[in-house]
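Read through the structure below, which is laid out as structure tokens, and then see the notes.
There are 2 protein chains.
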Amino acid sequence: MSDAHPMWLRPGPIPGLAGGAVLITGDDPLLDTVRAEARAAGMHLVGPDQPAALVRISIDRASGGAPGTETGFVLTGDGERTVVVAGGASGALCGWFEIVRRAATGRLHEPGTTRHEPAQAVRILDHWDNIDVHPVMGQVERGYAGGSIFFDAGRVRDDLSRVAAYARLLASIGIDRVAINNVNVHAREARLLTDDLADVARIAAEFRPWGIRLHLSVSFASPIVLGGLETSDPLEPAVRAWWREAADRVWAAIPDFGGFVVKADSEGQPGPFADGRDHADGANLLAEAVAPHGGLVHWRAFVYNHTQDWRDRTTDRARAAFDHFTPLDGRFADNVIVQVKHGPMDFQVREPVSPVLAAMPHTRVALELQVTQEYTGQQRHAVYLAPMWREVLDFAPFGAAGPTIADLAAAGGGIAAVSNVGDDGFWTGHPLAQANLYAFGRLAWDATLDPAAILDEWIALTFGSGASGSDGEIAAVVHELLDDSWSTYESYTAPLGVGFMVTPGTHYGPSVDGYEYSPWGTYHFADRDGIGVDRTVATGTGYAGQYPEPWASTYESLDTVPDELLLFFHHVPYSHRLHSGSTVIQHIYDTRFAGVERVDAMVDMWQRLDGRIDGDLFARVRDRLTEQQRSAREWRDHVNTYFLRKSGIADERGRAIHP
Amino acid sequence: MSDAHPMWLRPGPIPGLAGGAVLITGDDPLLDTVRAEARAAGMHLVGPDQPAALVRISIDRASGGAPGTETGFVLTGDGERTVVVAGGASGALCGWFEIVRRAATGRLHEPGTTRHEPAQAVRILDHWDNIDVHPVMGQVERGYAGGSIFFDAGRVRDDLSRVAAYARLLASIGIDRVAINNVNVHAREARLLTDDLADVARIAAEFRPWGIRLHLSVSFASPIVLGGLETSDPLEPAVRAWWREAADRVWAAIPDFGGFVVKADSEGQPGPFADGRDHADGANLLAEAVAPHGGLVHWRAFVYNHTQDWRDRTTDRARAAFDHFTPLDGRFADNVIVQVKHGPMDFQVREPVSPVLAAMPHTRVALELQVTQEYTGQQRHAVYLAPMWREVLDFAPFGAAGPTIADLAAAGGGIAAVSNVGDDGFWTGHPLAQANLYAFGRLAWDATLDPAAILDEWIALTFGSGASGSDGEIAAVVHELLDDSWSTYESYTAPLGVGFMVTPGTHYGPSVDGYEYSPWGTYHFADRDGIGVDRTVATGTGYAGQYPEPWASTYESLDTVPDELLLFFHHVPYSHRLHSGSTVIQHIYDTRFAGVERVDAMVDMWQRLDGRIDGDLFARVRDRLTEQQRSAREWRDHVNTYFLRKSGIADERGRAIHP
């Protein structure tokens, strides 16, 4: 299908399945896809007269034996055979890939019956791909894996074989929707909605056999930019008519089109504020247009003042989404999903969970994650993000007895994430970053999965497992290298939840003061005495008060705020003692030294695989680890020297810090 | 000639000259230029039978009545008429423009005889123009006035009328050479030397009527890049032959070609180090090639380690040019000019004078200035640079009894500067930045000119003077606004000679720590106790010892180092008391507050000219001043807050500094 790395779907016969018979009952294009997959795995298709087939897959839309949703399935193993009864064709496809996973992990035909349904009804990947190539940013905004798989040379690619391969990979992890273009919709990309529909339909056709719907990011100013109207006012009849007609044209070209993604009134993008309307007015405008077609509107809550005055310590970017959106709860149409980043800032290595996710009970709210590693090493650092996502999903905003973030998202909005793939041969730049895409899909399907188990599953699929005769050393090294890598990354970058400290613009590499005097609202306020942002109700910006109890009180008090979020919520002296027993300054020094040691160990670990693994992959990972090692040292030294110069407090363990 | 602003050569009849007779004797293309200028000024040409002409210009190559150089002239006024006797045709042209200046400043026919000769025999303007447009930097590296006047759409412009106008302007201030392309020679621009020679010859043809020679920046790797050789080793016969043939081709196309400018082994440019040769080997290679044609090689001394480790406080970029070049003194060919930036770092608002300028008595050394305002406000801030240049030119490295920098340059290398013009309608972005180009030419001709007098001369030429019936208020405002503007800019940017503190990459706007942890060798080492770079011999990098006495001792000691260079040479506590009586920290606060007040006054001053001056020019300057005002506030607040946070020392006058 393409000469790119196969990721977690290794080509060829699947041991345990190959040579066996498979019975797939029913008539549906997706079932044809399953049949083709089974054949590619080395199985032979048989008819219903051979009920003893190794694998049997059928659809039972209504009976008590099947799950209530199209995508769900019931899987029964008896030690020798597996039977899948799905609620619909997409469930059959998901059931097939569950069998593939079980084959790779030594659980094929495992006795017992299990029900499988996606926890999140909407599981969408957002691409920040552009058609035009930005001279600095490249083609994919915050992309670290080459150019777009969808676009090239100013238009949709002629050869979409990579898209087909991608669709198959996504289907295998349960992703059911993809938005193909950047939420920052520039002039060229705006026209995807109109001039390029025939080409967009070609992309949709590649996703269709895998049960994946295509979405487009659209500009709120489309009626002006594309329609020649003088306004994009959501209450203007001509604007409403324009959007309805635009939607009609899209669905005429792509009958299973999914809907629109919108970033409005954010970082310079147009929005309803221009006409004195609010975000509910704006979102409902589009919702009205797509509703007749069963379409969705993903409306991003990432709205804040990006031209803030750093001198003003009362304005708090962390508050912004809550302040903008929660007053609108209940006013959004049923087919609007308000899409909320997992933290209140911007995909930092450590943030508290956004209080918006728990503050709009009458709105479909989606959790937005970032698979592309913008602030987490840009796929030059090996950082396995699933443990962070799992923490977010598990967070119980109202306390342990209440719903988790996963529950709240499952109640309507589902989950979205920014993809990390490009036209790079390994898809993700860093081959080990494939694990993040895999884990996102798996957690969107089932938020209770253990990140370490997902990791092992990905390793088994990607590198082979013991059961299929592979090298246990590979699995051990990759697991050890990635398992705790999020914590490693955190330990040498911005400490204790304070965030940023990155090079402006690129967001790669340390610059402690890089955003300190900027208009972006991303400050640490370090002075000679202390550091941190006072977001308490008592003396700070009041952000802590946006949480329900018990978290409002937990974050408000120095006695209870978790160490890892201390500087997000409080400004404290360097001598402040953490619950861990260490002082803030000593914690900074200790973790930075430890972080580099852990990266050194990762480099050594990987070296153990020299000669035991594909040479190109080995070399790519080795080179990235070498860069991670260099970068981690730079982080350690820059941060340590910065705080030594500022605090004047020496490392209590006497290690060398450059003066 | 073009619809751009005329700069200091206002079109139309010149009062005092128009209507009068001019006698120009001799036969030379440059004299034809003079004749055309006289006609354009409203004069009528007469023959030798009318000796009573208002202006008489002739050439006397050998007699005692003329200066010894081609470009010199003797001017005699008798109150009613002016007679110019020039050493050559270029002197006649210079003489004519001296008459124009006198007409504008009320000194036409002033009684008396004066001899005029350029102090610097080589007066070259370097353009950092590229053919290709860099996505971030634009077309002109460190250019703040639009695109290149030479290049457009990937090649030399068809319409060179702006070049013709530019040549006339340069001739009027005595510039005699122009290098048309960037010293960072990229792939496309390298080919100017070969493929584009016919087009380069067209540019040269525009300069020729004004007595200006064209130079090219060339890549030291040309034999490889253009010639297909495997080496650019200067001792390799094939390389020497390649350069000789390249030079022969250039001079065949452009008989009055000037020579080559080279940036080698600097900031990534190729150079002789690659083959284990030194800069004398490299420069002499090119010198050998151009010598038969009377050509020059300008070889830049801007060589340092730009991948320095910030952790290493012993390496000192300021030392680099001296360390690299002074051991080579005496080894450079006669037609090599080693071109040295005025300070040891990089065109900061305040630097000591480079010790290299005084350390190579057996080498032709040129002083390099930067008219384009890279680190001095980028032509968004009004900064008149002549006072800074005059300080450099007046500096006496061996003490008051010895030669000045102007004398040392005059001994062979002359003076060079980076131009500040582009295809902007006002040529220089900020209309008042035209004064810098003007002043550079005038100081290159005569380093003893008073910057304030040059300013008034420029104002009179540009805006008209009292003598020609203009508005004295305009002259007063422009003078007051610019006269001390260098000091104003210094007062709100990096303090006390420490330099930089600018936004990385763009070099515009404050970022105190922007270059602090970078590989560029540009640090201030501020910590909670103090700031500055210890460059003493006793305890620092030893840079102070690169100066001869009395300066080595002057800079070495805190008792004698000038306040304005304190932090360039010493690391001191914030409480250190300056000779001015202020402490370092209080000086930082005081000057930053005062700087903003001075910019506020500039804004008010300019407003007085509303309605009294060309509307486009008024608006352009007003808009730039508004930006300067905003930027100065940003500098003040960023710097003050940075040092308040770091030092913990409050302003002793109790003014508000953001915490």
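So the sequence lines, in the order shown, correspond to chains A and B.
If you use UniProt numbering, the first sequence closes out at 659, no skipped numbers anywhere.
If you use UniProt numbering, the second sequence closes out at 659, no skipped numbers anywhere.
Even glycine gets a Cβ: it sits at the ideal position worked out from N, Cα and C.
Original post:
For the segment 631-651 of chain B, which residues have a beta carbon sitting closer than 9 Å to at least one beta carbon of chain A?
Top reply: E634, D637, H638, T641, Y642, L644, R645, K646, S647 and G648
Subject >> Contacting positions in the segment 118-148 of chain A - beta carbon closer than 7 Å to chain B >> reply: P135 and V136
**OP:** Could you tell me which residues DSSP pairs with P562 (chain A) in its beta bridges?
**Re:** P562 (chain A) is not bridged to any residue.
Original post:
Start and end of the beta strand (DSSP E) containing H293 (chain A)?
Top reply: H293 (chain A) -> no beta strand (DSSP E), and no H or E assigned at all.
Subject >> Cβ-based contacts, 9 Å cut-off: residues of the segment 310-325 of chain B near chain A >> reply: W310, R311, D312 and R313
Original post:
Using a Cβ-Cβ cut-off of 6 Å (strictly less than) and excluding sequence neighbours within five positions of S468 (chain A), which residues of its own chain qualify?
Top reply: Caution applies to S468 (chain A), whose pLDDT of 44 falls short of 50 and renders its modelled position unreliable; the value that the coordinates give is listed next. Same-chain partners within the cutoff: P15.
Original post:
Between the segment 381-393 of chain B and the segment 485-501 of chain B, are three or more C-beta pairs nearer than 8 Å?
Top reply: Contact check between the segment 381-393 of chain B and the segment 485-501 of chain B: three or more CB pairs, one atom from each, fall below 8 Å, which counts as touching.
**OP:** Give the secondary structure of D600 (chain A) by DSSP, where H, G and I count as helix, E and B as strand, and everything else as coil.
**Re:** D600 (chain A): helix per DSSP, three-state reduction.
Original post:
If you measure beta-carbon to beta-carbon, which residues of the segment 521-550 of chain A are closer than 9 Å to chain B?
Top reply: F525, A526, D527, R528 and D529
Original post:
What residues of chain A sit near H570 (chain B), judged by a beta carbon separation below 7 Å?
Top reply: The contacting residues do not exist; H570 (chain B) stays about 16 Å from chain A at best.
**OP:** Could you tell me the boundaries of the alpha helix (DSSP H) in which I474 (chain A) lies?
**Re:** G472 to D483
Original post:
With 9 Å set as the bound, which would you pick, yes or no: does the beta-carbon of H579 (chain B) sit closer than that to a beta-carbon of chain A?
Top reply: Proximity of H579 (chain B) to chain A, defined by a Cβ-Cβ separation below 9 Å, is not satisfied.
Subject >> For E98 (chain B), the three-state DSSP class (helix, strand or coil) >> reply: DSSP, read as helix, strand or coil, puts E98 (chain B) in helix.
Original post:
Does the segment 412-431 of chain A come close enough to the segment 142-155 of chain A to have 3 or more Cβ pairs within less than 8 Å?
Top reply: yes
**OP:** Starting from the C-beta of R624 (chain A), find all residues in its chain whose C-beta is less than 6 Å away, skip the five residues before and the five after it, and write them out in chain order.
**Re:** R380 and H430
**OP:** With a 10 Å radius around its C-beta and 16 neighbouring C-beta atoms as the bar for buried, classify Q50 (chain A) as buried or exposed.
**Re:** Counting the other CB atoms within 10 Å of its CB gives Q50 (chain A) a total below 16, which places it among the exposed residues.
Original post:
Closest Cβ-Cβ distance between V512 (chain B) and chain A: below 9 Å?
Top reply: yes
**OP:** Tell me the start and end of each unbroken beta strand (DSSP E) in the segment 136-165 of chain A that is at least 3 residues and wholly inside, in chain order.
**Re:** 138-140
Original post:
So, are the CB atoms of V178 (chain B) and I212 (chain B) less than 9 Å apart?
Top reply: yes
**OP:** Taking 8 Å as the threshold, find out whether the segment 631-638 of chain A comes into contact with the segment 582-599 of chain A through three or more Cβ pairs.
**Re:** They touch, by the three-pair rule.
Original post:
Under the three-state reduction of DSSP, which class applies to S575 (chain B): helix, strand or coil?
Top reply: coil
**OP:** Verify the CB distance criterion: does P659 (chain B) have a CB-CB separation below 9 Å to chain A?
**Re:** yes
Original post:
Along chain A, which residues have their Cβ under 7 Å away from the Cβ of Y304 (chain B)?
Top reply: Neighbours of Y304 (chain B) on chain A: none; closest Cβ ~21 Å, over 7 Å.
**OP:** Output yes or no for whether 9 Å exceeds the beta carbon distance between V46 (chain A) and L30 (chain A).
**Re:** no
Original post:
Using the beta-carbon of each residue, which ones in chain A are nearer than 9 Å to T517 (chain B)?
Top reply: First, the amino acid is wrong: residue 517 (chain B) is Tyr here, not Thr. The answer, in chain order, is P510, S511, V512, E634, D637, H638, T641 and Y642.
Original post:
Taking the beta strand (DSSP E) that E368 (chain A) falls in, what are its first and last residues?
Top reply: R364 to Q370
Subject >> Candidates A:D604, A:D446, A:Q434 and A:V584: closest to E480 (chain A) by CA position >> reply: A:D604
**OP:** Would you check if the distance between the CB atom of A291 (chain B) and the CB atom of A333 (chain B) is smaller than 9 Å?
**Re:** It is a contact, given that the beta carbons lie within the stated cut-off.
Subject >> Buried/exposed call for H579 (chain A), threshold 16 Cβ in 10 Å >> reply: exposed
Original post:
Quick one, which of B:P504, B:L437, B:V297 and B:I474 has its alpha-carbon nearest Y375 (chain B)'s?
Top reply: B:P504
Original post:
Which of helix, strand or coil does DSSP assign to W299 (chain A)?
Top reply: strand
**OP:** Let me know if H44 (chain B) comes out buried or exposed under the rule of 16 or more other beta-carbons within 10 Å of its beta-carbon.
**Re:** exposed
Original post:
Given a threshold of 16 other Cβ atoms within 10 Å of its Cβ, counted over all protein chains shown, does G466 (chain B) qualify as buried or as exposed?
Top reply: At G466 (chain B), the pLDDT of 48 sits below 50, so the modelled position is not reliable; the number obtained from the coordinates is stated separately. Counting Cβ neighbours within 10 Å, G466 (chain B) comes out exposed, since fewer than 16 surround it.
Original post:
Nearest-angstrom Cα distance between G464 (chain A) and G472 (chain A)?
Top reply: Each residue's alpha carbon lies about 9 Å from the other.
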